[in-house]
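**Student:**
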Amino acid sequence: MSDKSNSPAGNSRSSESGRSGGGKGVTRRTALGRGAGVAAIGAVSALTTAVSGPPAAAVSGPPAAAAGPEPRGNASASGAHALPRTVAGVRIPTGELAQKTAQFVRSVSSGTLYNHVMRTYLFGSLLYDRRGVPYDRELAFVAAALHDLGLVKAYQTPDERFEVDGADAAQRFLREQHMPAERVAVVWDAIALHTNAGIAMRKRPEIAMVCVGSGMDFSGNELQRIPPDALEEILTAFPREGFKQDALDNILSLCRTKPMSVLMHPFAEVGRRHLPEFPVPTVEDLLLAAPFDE
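When the letters of the sequence shown are read in order and numbered with the numbering used here, they come out as residues 1321 to 1614.
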């Protein structure tokens, strides 16, 4: 979940102080006065529950997408290479939509981001394949490939969470490819919910898989479930290329440029640790500022 080539934080490091115009002059008191909404986010849950539960019912349609800027071409280092047919025994879809999706992601993001979203698909699919859980492979691949578009500067709005920005960008792209609305809705939910395991794991497999795969690649959660030879093959096909630092840089970029988008989000804790005068209120701040006489 990193977009070093498109993010102003690409050259930053965790020791830098916040100097973004997005948070300038905003205090916690000001933020509370604005009555910013809250959206709790869950930690990554155990994969045993994720891959053994029954598929959930079809999801409802996503909200209408807001107009957004078109990305500038930014071919990654991986862009010159065709997708392999299989990696670690996991089949990569070869249909036109899957190939166009991969090409699109390569064109707008860095090699590090592209490799992360490919590993997301491979980790999620490998776990579900080994457990015999049925799922729509094209849908799972497309959702995983598009899941971090919200980290690409061209698709970032001033206020939305990066997951919602990414879901809206994916929705626009897939509508242009004439994907049926009910399938676009699944992708929208998979992207919007991929950091919220408590909800994503209750959804259908294609949604849960993006959460499982991205969480495993981000934090190594339940990585022991991946056989060593399969892990080596995945990391050889799509190397990490400094993913940890790039991810941290992207988190800090969001905290600087659109701080209220991380309200009640785990990323806010990174902002509080690294950025002086970080304006985003805590849960306690919100509770105690509620306008009730007690």
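Yeah, the Cβ is synthetic: ideal placement off N, Cα and C, and Gly gets one too. Keep in mind the model is a prediction, meaning the values are calculated, not measured.
With A1615 and I1554 assumed to form a contact (beta carbons below 8 Å), what rounded beta-carbon distance in angstroms separates them?
**Tutor:** Because residue 1615 is not part of the residues shown, which for the chain are 1321 to 1614, the question remains open.
**Student:** Could you tell me which whole alpha helix (DSSP H) segments of length 4 or greater appear in the segment 1469 to 1537?
**Tutor:** Runs found: 1482 to 1496, 1501 to 1512 and 1517 to 1520.
**Student:** From the DSSP output, which residues share a beta bridge with V1462?
**Tutor:** Beta-bridge pairing links V1462 to no other residue.
**Student:** Quick check on the burial criterion: 16 or more other C-beta atoms within 10 angstroms. Buried or exposed for L1471?
**Tutor:** Its Cβ being crowded by 16 or more others within 10 Å, L1471 is buried.
**Student:** Distance check for R1457 and T1421, CA to CA, integer angstroms please.
**Tutor:** Spanning the two alpha carbons is a distance of roughly 14 Å.
**Student:** Under three-state DSSP, which class holds K1406?
**Tutor:** Inspection of the sequence shows that residue 1406 is occupied by Thr rather than by Lys. T1406 falls in the strand class under three-state DSSP.
**Student:** Taking all protein chains shown into account, decide if R1411 is buried (16 or more other Cβ within 10 angstroms of its Cβ) or exposed.
**Tutor:** Exposed, since its Cβ has fewer than 16 Cβ neighbours within 10 Å.
**Student:** If we count the other Cβ atoms within 10 Å of its Cβ and call it buried at 16 or more, is P1454 buried or exposed?
**Tutor:** Result: exposed.
**Student:** By how many angstroms is the C-alpha of Q1419 removed from the C-alpha of L1551?
**Tutor:** So the two alpha carbons sit approximately 24 Å from each other.
**Student:** With a Cβ-Cβ cutoff of 9 Å, do L1469 and V1532 count as a contact?
**Tutor:** Cβ atoms of L1469 and V1532: not closer than 9 Å.
**Student:** Nearest to L1417 by alpha carbon, out of A1609, D1449, R1481 and E1496?
**Tutor:** Closest by alpha carbon: E1496.
**Student:** The alpha helix (DSSP H) spanning R1426 covers which residue range?
**Tutor:** It spans E1416 to V1428 - the alpha helix (DSSP H) in which R1426 sits, taken as one unbroken run.
**Student:** Chain B beta carbons: is any one of them nearer than 9 Å to that of Q1544?
**Tutor:** Looking at the structure shown, chain B is missing, and only one protein chain is on hand.
**Student:** Please report the residue range of the alpha helix (DSSP H) in which S1581 lies.
**Tutor:** Element bounds for S1581: n/a, residue is neither H nor E.
**Student:** If you measure between the beta carbons of M1438 and V1462, is that distance less than 9 Å?
**Tutor:** Taking 9 Å as the Cβ cut-off, M1438 and V1462 do not qualify as a contacting pair.
**Student:** For R1411, list the residues DSSP reports as bridge partners.
**Tutor:** Bridge partners of R1411: T1406.
**Student:** Quick check: what's the CA-CA separation for P1413 versus F1538?
**Tutor:** Looking at the two C-alpha atoms, the distance is approximately 24 Å.
**Student:** Tell me the DSSP secondary structure of N1435 in three-state form.
**Tutor:** Helix.
**Student:** Pairs of beta-carbons, one from the segment 1597 to 1609 and one from the segment 1576 to 1588, closer than 8 Å: are there three or more?
**Tutor:** Judged by Cβ distances under 8 Å, the segment 1597 to 1609 makes contact with the segment 1576 to 1588, as three or more pairs qualify.
**Student:** With D1485 and Q1476 assumed to form a contact (beta carbons below 8 Å), what rounded beta-carbon distance in angstroms separates them?
**Tutor:** Correct: roughly 5 Å between the Cβ atoms.
**Student:** How long is the line joining the alpha carbons of L1446 and L1608, rounded to whole angstroms?
**Tutor:** Between L1446 and L1608, the C-alpha separation is close to 45 Å.
**Student:** Grab me the residues of T1440's own chain with a C-beta within less than 7 Å of its C-beta, minus the 5 sequence neighbours each way, in chain order.
**Tutor:** If we look at T1440 and ignore the five residues flanking it on each side, its Cβ neighbours are A1464, H1467, V1530, G1533, S1534 and D1537.
**Student:** Taking the C-alpha atoms as reference points, what is the distance between L1513 and I1519?
**Tutor:** Computed Cα separation, rounded: 7 Å.
**Student:** Classify N1570 as helix, strand or coil using the three-state DSSP reduction.
**Tutor:** Residue state, collapsed to three classes: helix.
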